[in-house]
Each structure stands twice: as structure tokens, then as C-alpha cells.
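Asker: Protein chains in written order, with my numbering: chain A, 382 to 549; chain B, 4 to 358. All C-beta atoms, glycine included, are put in the ideal place defined by N, C-alpha and C. The structure's right below; bear with me while I get my questions together.
The following block contains the structure:
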């Protein structure tokens, strides 16, 4: 039961809903729309890496990976050393200078206790935020590629059935 | 339906009826990004909510302005349906709330009008979230000629026709050569729509391809679709006999930062005429459209037309809040939604007496 979030850059229109909703909930946004110099807007947020370097460099164990799932942090252990900021290839972690500890996307940890998906996923107007079971999201991601190449919609396979077992 | 299939305005709580109900009733005027955010937040708190929307469908600019290729309308409409079905939000569509005599683009689709005062009296709190639906008109000689439309009106009419709300004869029919003025997202979206109708477009803007507020990617995409970009220029005069036939443009020198024109000066002697223009579509800015005019004494507006609000997002009238673009000025969907959420927290505190 590992849920993941992948951003579909093809669908994203840079409307900033993810950033602003995150800011509403967390006072400092953990997803941020960054404009490339040609005006293309890209939402930059934690990718919850399989091999998270921020976890590896953290000297106090404040940043941790939850099983196969999200990379989260314990603020009471954080000393604000910024090693995670330097190590992250995407520049995702952010030090909240007012509070003195690091903040980053934790896939809405508090909401997940109530079994609610992350807020950015819930409110994204375009559906660019793909969220769900790993297998399902990857499947959707692959279907998207096929749709792009062929210009046609893809028939969704039932997740349980495997190829060669259809119709029985 | 699973998560991520539609915009869940009620994201603050689960998809089930809230456990505690409040007796207070809240009216929201306008079902755009901001109004729906207020509705979703307060619905989770158990308030009894009525949304007044003058158009036949909720969604505001997300359904009636922004092209389907950017925001699929079903994602918005399903979110509104959830508000109605699970959270008992009353959605009064085709119902305009206004002080007499206020005219806003799209009003002709409203079937009934309710006086603002009546709504304010009837509800414990009222939230104005009516956006910026009127457009700045062309600051040039001949701007009253036939064949000139605002970009939002053009987009609105073609969307309304798509939704089966306007007969084909009321859709704006363009000639084969169209000048689109402006390089913001509204102008760019209008230009894309015009191109998709098979017309040729000349985009005229003060900004050049690099400093356009919509970004050089959008301008580049238009150019790849065959759009001519006349940059660093403004229209000085519209030529024709009561109807657009050609335009006289003049080059300008301009200082643009972050999509905002800081300084602009016309360069004398650079006037030239672009012949054979059938229509002009103007997308150079939106104007706030509160449900009352400037002469209305009860609620104060600011010089640029927005509703004056305090730190709680309450207007000069007790119990009446204003949120979204009508209070902050034109913004992206994200900011409008965020302002809505913040306003909702204040409405909640106001009604609970903890503000």
C-alpha cells in the first residue's frame, strides 16, 4: 500500500493552485511553480525518491523515508543545518527561517491520518497531479505517453487481471 | 469517482456529511474559483450554504473563460456536484444578485435577479466573489466601431455556444483577418481560439515575445500556429466607416518587468497602417465587477474598482465579505482560490464570534 504522486507536466498549466493551497495549509508552500525563462511554468515539489539523498545526509535522522512511501521529517529533531537543501538534486527542502527547521512536502501527513489524499491533488483543476497506488499511477503515466503518440485514448485495463487472462 | 478525478472544493474533510451542523446560513455570490473555495471550506464546517450564480453552470472563469484544453470543465462541474449532493450546498444558477442597473458580461443568461440587500438581510454572512468580468476598452480613436470585441466576451460567447446556451447566431462571427490586442493569458487564449476557427491573427502588444505576461512559450506557440506578432506597438487609430477595416499602429519604447508595463512612450514617425483587418479583439485587462455600481453607498470600492476589504476580508458593511479577484485584482486561479480559503476562515470566526 504505497501511494505516490507524479506530476503530469503535459497537463500542468501553471495555475498555482497546488502552491497556494499548500501555502494555506502550511504557511510556507512545499510545492512551488517556477518559471523557466521561456515562461514555461513547472511545479517543483518533492519526488519522494526511492534513494533519498536528503535522508542519507541528515545527521540527526530528522528526515526519513516511510517504507517505500513518502519522505517525511520530524521537526523536533531538525537542527536547521541545510545539508538536505544542499544534497537534494531538485532543491526541494526549504528551511523555514522563522521557525528554524526544515520543511518539505510530506504528502500531507496530517491528512493521510484521516485517509485523505494530499490537498494539491484534491484541488488541481487540470488533473496534472496523479496520485494513487504506485502501480496504478505508473500505468496511467504510461497510458498518457501512448495517448500522446497515437492521439487516441487508452483502454484502461482492470488492475487485477494480467495479460493473457482476459474474459474468463 | 476516486481522488484526483475532479476538483474537490471540500478537500478539508472527507466525502461524507459533516458530523456537526451549524445553524448559520452563508450566501456566496459567484461560483468561480474563489466562491467555490469558500463554499467547500465552510461546507466542511457544517454551515448551510447557498451559492448564487448568474450563469447556468457554476465554475465561473474555469468553465466560461479558460479553454477546455487547459481546464477540463467536467473536473470543475463534478466538484460542484459533490458540494450539492454530499454537503447540501444550494446552487442557485441562472440567478443574478445585484443592486439595480448593474450590467456585467454574461448577464443575458441570467433568468432571475435578486436584490443584494435582500440576500444580505436573509443570511448571517454574505461573501461577494464576483470576479473581474468586464474588460478594459481599447484606448484608441475609433474604439466604438463595429467589429471590436473584448477577448473575454469572445471566449465567453464561444464557450456558451459550446455548452448549448447560446444559439449559433449569437456566437461572435469573425472575418478572416483578426487583430488581437494584448499578450496576457486572456488575449493568448482568445488568439488560440481565433486560430482554431481558421482565421489569421495579428497579435499586437506593447510587450515583446520575451517579456509578455503570458510568457514567451505561449507567444512562441502562437507564432508556430501562424500568428503574426506585432510587438512593441499600440493601436493609435481604428480606420473604417463605422466598422473596422484597418488599424493604424505606432511603435513604442517600453520598459516591462514581470509582465507589467512600467514605462511606455510612443515613437513619433513610426505610424503605419495594417490593412484588411475585419475584427479587433481586445485583451488588455479586466475590471472588477462587484454586484453594485460605484455610486452605491453601502459598500465602499477602491479607485481601481475593487471592493475595499479589511484584514478579515470584510467589506465596509458588517457581515459582507469580499474575496477573489473582485477584492484583490486579476490573479491566477490559484491565488483566487487561496484568498477564498482565507476569507472562509474569517467568515467562520466571525460567525462563531471569535474573530
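1. Please compile the residues from chain A whose C-beta is within a distance smaller than 7 Å of the C-beta of residue 219(B).
2. Please state whether DSSP places residue 66(B) in a helix, a strand or coil.
3. Beta-carbon separation of residue 237(B) and residue 288(B) under 9 Å?
4. Could you check whether residue 426(A) and residue 466(A) sit closer than 9 Å to each other, using their CB atoms as the reference points?
5. Hey, could you find the ends of the alpha helix (DSSP H) residue 42(B) is sitting in?
6. With 9 Å set as the bound, which would you pick, yes or no: does the beta-carbon of residue 281(B) sit closer than that to a beta-carbon of chain A?
7. Quick check on this structure: which residue in 172(B), 318(B), 190(B) has the alpha carbon closest to the alpha carbon of residue 68(B)?
8. Taking CB distances under 9 Å as the criterion, tell me whether residue 531(A) reaches chain B.
9. Who are the Cβ neighbours of residue 352(B) in its own chain at under 7 Å, not counting the five residues just before and after it?
10. Quick one: is residue 23(B) near chain A, going by C-beta distance under 9 Å?
11. Taking a cut of 8 Å between CB atoms, which residues from the region 318–345 of chain B lie near chain A?
12. Run the CB neighbour count on residue 410(A), radius 10 Å, all protein chains shown included, and call it buried at 16 or more, exposed below.
13. Determine the direct distance from the alpha carbon of residue 327(B) to that of residue 30(B), and round the result to whole angstroms.
14. With hydrogens ignored, establish whether the beta-carbon of residue 125(B) is closer than 8 Å to any heavy atom of the ligand SAH.
15. Are the beta-carbon atoms of residue 155(B) and residue 286(B) separated by less than 9 Å?
16. Could you say which of 95(B), 96(B), 81(B) lies nearest to residue 89(B) if we only look at CA atoms?
17. Does chain A have any CB closer than 9 Å to the CB of residue 65(B)?
18. Is the CB of residue 17(B) under 9 Å away from at least one CB in chain A?
19. Should residue 548(A) be labelled buried (16 or more other beta-carbon atoms within 10 Å of its own) or exposed?
20. Please report whether the beta-carbon of residue 428(A) lies at a distance below 9 Å from any beta-carbon of chain B.
21. CA-CA distance, residue 542(A) and residue 516(A)?
22. Which residues in chain A have a C-beta closer than 8 Å to the C-beta of residue 293(B)? List them in chain order.
23. Check residue 178(B) in the structure and name its three-state DSSP category.
24. Do the region 470–479 of chain A and the region 394–406 of chain A make contact, defined as three or more Cβ pairs closer than 8 Å?
25. Consult DSSP for residue 343(B) and reduce its assignment to one of helix, strand or coil.
26. Is residue 209(B) closer than 9 Å to residue 267(B) when the C-beta atoms are compared?
27. What residue does the alpha helix (DSSP H) around residue 269(B) start on, and which one ends it?
28. What residues in its chain sit with their C-beta under 6 Å from that of residue 203(B), if we drop five residues either side in the sequence?
29. Leaving out five residues on either side along the sequence, give the residues of the same chain with a beta carbon under 7 Å from the beta carbon of residue 453(A).
30. Skipping 5 residues on each side, what residues in its chain have a beta carbon closer than 6 Å to that of residue 416(A)?
Answerer: In short:
1. Start at 1 with the first residue of the second chain, and residue 219(B) comes out as number 216. Those within 7 Å of residue 219(B) in chain A are 419, 420.
2. The sequence position of residue 66(B) within the second chain is 63, counting from 1. DSSP places residue 66(B) in helix when its eight states are reduced to three.
3. Counted from its first residue, the second chain places residue 237(B) at position 234. Counted from its first residue, the second chain places residue 288(B) at position 285. Result no, Cβ atoms of residue 237(B) and residue 288(B) do not sit closer than 9 Å.
4. Here residue 466(A) is taken as the residue at index 85 of the first chain, counted from 1. Here residue 426(A) is taken as the residue at index 45 of the first chain, counted from 1. Result no, Cβ atoms of residue 466(A) and residue 426(A) do not sit closer than 9 Å.
5. On the second chain, residue 42(B) is found 39 positions in, with the first residue counted as 1. From DSSP, the alpha helix (DSSP H) with residue 42(B) extends over 36–47.
6. Residue numbering aside, residue 281(B) sits at position 278 when the second chain is read from its first letter. So no, residue 281(B) is outside the interface.
7. The sequence position of residue 68(B) within the second chain is 65, counting from 1. Considering only alpha carbons, the answer is 190(B).
8. Counting from 1 along the first chain, the entry for residue 531(A) is found at position 150. It does not; no Cβ of chain B falls within 9 Å.
9. As a working mapping, residue 352(B) is identified with position 349 in the second chain. Excluding residues within five positions, the ones whose Cβ falls inside 7 Å are 358.
10. Counting from one through the second chain, the residue named residue 23(B) turns up at place 20. Answer no: the Cβ-Cβ gap between residue 23(B) and chain A never drops below 9 Å.
11. 335, 336, 337, 338, 340, 341, 344, 345
12. Working through the first chain from its first residue, we reach residue 410(A) at position 29. With 16 or more Cβ atoms within 10 Å of its Cβ, residue 410(A) is classed as buried.
13. Within the second chain, the letter at position 27 stands for residue 30(B). Within the second chain, the letter at position 324 stands for residue 327(B). Using only the alpha carbons, I get a separation of about 15 Å.
14. Judged by which ligands are present, the structure shown has none, so any question about the ligand SAH falls away.
15. Stepping through the second chain from its first residue, residue 155(B) is reached at position 152. Stepping through the second chain from its first residue, residue 286(B) is reached at position 283. Cβ atoms of residue 155(B) and residue 286(B): closer than 9 Å.
16. If you number the second chain from 1, residue 89(B) lands on position 86. The residue with the shortest Cα to Cα distance from residue 89(B) is 81(B).
17. Taking the second chain and counting its residues from 1, the one referred to as residue 65(B) is at position 62. Interface residue, yes.
18. Counting from one through the second chain, the residue named residue 17(B) turns up at place 14. Cβ-Cβ to chain A under 9 Å: yes for residue 17(B).
19. Locating residue 548(A) in the first chain gives position 167, where the first residue counts as 1. Its pLDDT being 42, under 50, residue 548(A) is placed unreliably in this model, and the value from its coordinates should be taken loosely. Exposed, since its Cβ has fewer than 16 Cβ neighbours within 10 Å.
20. Sequence index remark: in the first chain, residue 428(A) carries index 47 (1-based). Not closer than 9 Å to any Cβ of chain B, the Cβ of residue 428(A) fails to qualify, so no.
21. Residue 542(A) sits at position 161 when you count from the first residue of the first chain. Residue 516(A) sits at position 135 when you count from the first residue of the first chain. Below a pLDDT of 50, predicted positions are generally treated as unreliable, and residue 542(A), at 48, falls in that range; the measurement from the model is reported next regardless. Going by the C-alpha atoms only, they are around 13 Å apart.
22. Counted from its first residue, the second chain places residue 293(B) at position 290. The premise fails here: residue 293(B) is roughly 23 Å from chain A at the closest Cβ pair, so nothing lies under 8 Å.
23. The sequence position of residue 178(B) within the second chain is 175, counting from 1. Residue state, collapsed to three classes: coil.
24. no
25. Stepping through the second chain from its first residue, residue 343(B) is reached at position 340. DSSP places residue 343(B) in helix when its eight states are reduced to three.
26. Taking the first residue of the second chain as position 1, residue 267(B) is located at position 264. Taking the first residue of the second chain as position 1, residue 209(B) is located at position 206. Their beta carbons are under 9 Å apart, which means residue 267(B) touches residue 209(B) by this criterion.
27. For the purposes of this step, residue 269(B) is taken as the residue at position 266 of the second chain. It is not in any alpha helix (DSSP H) - residue 269(B) instead sits in the beta strand (DSSP E) that spans 263–269.
28. Residue numbering aside, residue 203(B) sits at position 200 when the second chain is read from its first letter. Taken in chain order, the residues that qualify are 180.
29. Within the first chain, residue 453(A) is the residue found at index 72, counting from 1. Hits under 7 Å: 445, 447, 487, 490.
30. Locating residue 416(A) in the first chain gives position 35, where the first residue counts as 1. Result list for residue 416(A): 422, in chain order.
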